[in-house]
Amino acid sequence: MNKIIYLDAAASSLKPDAVIDAESDFLRNKYANAGRGVCARAAGADEMVTRARDAVAAFINAKPQQIVFTSGATDGLNRVRDILKNVAHPMVAVSDLDHHSARLPWMAAHLAGTVDLTVMPLDSQYNIDVTKIPYADIMVITAMSNVMGVAQNVAEIVRAAREKNPNVVTIVDAAQYAAHASIDVRAWDCDFMCFSGHKIGADTGIGVMYIKNPEKYAPDKFGGGMVSRVMTDEIIFSPAPEKFEAGTLPLTQIAGLPFAIDNAKSRPAAADLVKYMYDRLAKMPRVRILTQPDAALISFIVDGMHVLDFGALVGAHGVCLRVGNMCATWIHRALGVDGSIRISPGFWNTIEDMRQTADIIENVVK
Ligand SMILES: Cc1ncc(COP(=O)(O)O)c(C=O)c1O
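Each residue of the sequence shown is one higher than the one before, counting from 11 in my numbering.
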């Protein structure tokens with residue numbers, strides 16, 4: 011068996027040693043619940059959570075009280091819908107770049123008859139067309155599609171949405187974007203933004219939901235650690251972010267998160283790896299590339315070969331890439347294909363990985 015070449019960073023990143031070490035140190039030497047006790051261990055756990063929250067706030071240019079820990083982007087994107095449930099029958103704008111996690115919560119609400127949906131047009135390059143932003147009360151903006159790998163102009167889209175409706179609530183799905191470019195929620199001026207830790211090198215089970223004005227919204231979940239006082243018939247919630255963090259947090263995953271952020275900042279996935287693969291694939295027969303040479307990843311199809319067969323053939327040589335519809339039905343439909351093959355390198359990949367992978371693909375498609 012060949013060595014494994016893992017090229018599926020867009021599904022989940024491998025973990026830097028510093029993340030694994032921080033989690034192991036917390037579990038072995040520092041474990042206690044946070045926000046619950048006064049002993050030295052509990053104080054250490056509180057401090058660890060505070061430090062992680064500060065690191066996330068700095069990473070996205072926000073304030074710590076605007077950072078809510080979730081279990082991932084999907085959790086955050088669903089919770090935003092629940093937090094906004096009091097907006098009466100809103101017009102919700104989505105786009106064909108959306109991952110199922112960003113659009114299905116609103117599609118479900120639409121099917122239940124509580125929201126209207128409108129789809130923002132894409133331009134000829136499959137980017138959200140900033141000149142054709144529709145009126146919306148709530149807008150879902152995918153900052154980078156997991157199939158196209160191109161950063162969207164979020165600030166411009168938000169600005170255009172506000173021109174149509176100054177009160178629009180904007181929700182950014184930054185699950186892919188977070189691994190490739192620095193997020194500046196103030197520059198974006200969005201109302202909510204969600205991403206997953208595991209795609210930037212942290213563990214699974216930890217995510218971030220940024221809320222621009224957390225004091226404006228009521229909690230969507232109830233439980234321990236989110237109230238400052240409870241009477242027989244009155245609840246006084248803690249200030250944000252605690253009021254949005256009912257129950258025990260994923261502490262071990264939070265312990266690793268700042269180290270993943272450091273790694274993501276210092277070792278971004280190299281654009282030259284994508285470019286190398288693009289140039290090799292462009293010369294191969296039957297290969298139709300769906301993405302741009304400067305995208306964060308490469309998506310393609312092979313004429314006359316099912317993507318699952320392709321995945322199995324290269325997988326037999328140790329190449330781990332993603333095939334299928336990637337939970338992104340709409341962009342595949344827009345591209346006129348049922349599914350695709352995706353190569354998404356991460357910080358661990360080398361040009362030699364790409365060379366070997368391209369050689370294997372060349373053999374499979376010839
Ligand atoms: C663009 C995008 N949004 C949301 C998600 C959902 O992320 P998670 O499964 O970590 O919640 C993904 C995962 O692939 C994604 O690529």
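Positions of the beta carbon are idealized from the N, C-alpha and C atoms, including for glycine.
Quick check on residue i: buried or exposed, where buried means 16 or more other Cβ atoms within 10 Å of its Cβ?
i	result
GLN76	buried
TYR136	buried
PRO295	exposed
ILE30	exposed
THR60	exposed
TYR288	buried
LYS226	exposed
VAL375	buried
LYS231	exposed
LEU37	exposed
GLY346	exposed
ILE14	exposed
PRO115	buried
MET203	buried
LEU94	buried
Consult DSSP for residue i and reduce its assignment to one of helix, strand or coil.
i	result
TYR286	helix
SER22	coil
ARG113	helix
SER350	strand
GLU33	helix
LEU132	strand
ALA270	helix
GLY217	strand
GLY334	strand
ILE143	coil
SER192	coil
PHE69	helix
ILE14	coil
ALA161	strand
PHE254	helix
THR367	helix
PRO224	helix
GLY235	coil
ARG46	coil
TRP358	coil
Pick from the options: whose alpha carbon is nearest that of residue i?
i	options	result
PHE320	HIS342, PRO26 and GLU372	GLU372
VAL218	VAL90, GLY356 and MET336	VAL90
VAL179	ASN96, SER354 and GLN302	ASN96
ALA119	ILE210, ALA98 and ALA305	ALA98
ARG277	LEU323, ILE15 and ILE210	ILE210
THR214	LEU17, SER23, ALA191 and ILE14	SER23
ALA42	HIS316, SER34 and GLY54	GLY54
GLY334	VAL317, VAL324 and LEU323	VAL317
MET117	LEU127, VAL297 and LEU259	LEU127
VAL164	ALA197, LEU132, TYR145 and SER134	ALA197
ASP304	VAL78, GLY159 and PHE79	GLY159
ALA338	ARG113, ILE14 and ASN223	ARG113
THR258	GLY266, MET236 and LEU267	MET236
ILE216	ARG352, GLN263, ILE351 and TYR187	GLN263
ASP348	ASP313, LEU267, HIS327 and ILE361	ASP313
ASP378	ALA322, LEU267 and ARG290	Residue coverage of the chain in this structure runs from 11 to 376, which leaves residue 378 outside it and unanswerable.
Quickly, what does DSSP pair residue i with across the bridge? List them, please.
i	result
ASP183	THR152 and CYS204
MET101	ASP126
THR80	GLY217
ARG298	ILE311
GLU244	MET241
VAL329	ILE15
ILE138	LEU132
For a cutoff of 8 Å on Cβ pairs, would you count residue i as touching chain D?
i	result
PHE247	Absent from the structure: chain D. Only one protein chain is present.
Task: At least three beta-carbon pairs within less than 8 Å, the region 32-47 to the region 158-172 - done: Because the criterion of three Cβ pairs below 8 Å is not met, the region 32-47 and the region 158-172 do not touch.
Open item on the list: Under 8 Å, with one C-beta from each stretch per pair, do the region 246-253 and the region 98-116 reach the 3-pair mark?
Closed with: Contact fails: fewer than three Cβ-Cβ distances are below 8 Å.
TODO: Check whether the region 256-276 touches the region 149-166, counting contact only when three or more Cβ pairs, one atom from each stretch, lie closer than 8 Å.
DONE: No, because fewer than three Cβ pairs between the region 256-276 and the region 149-166 fall closer than 8 Å, the two stretches do not touch.
Open item on the list: Within 8 Å, do at least three Cβ pairs link the region 64-71 to the region 294-311?
Closed with: Taking a cut-off of 8 Å for Cβ pairs, the region 294-311 and the region 64-71 do not touch, as fewer than three such pairs fall below it.
TODO: Indicate whether the contact test is met: 3 or more Cβ pairs, each with one atom in the region 11-21 and one in the region 354-361, closer than 8 Å.
DONE: Contact between the region 11-21 and the region 354-361 is present, because at least three Cβ pairs lie under 8 Å.
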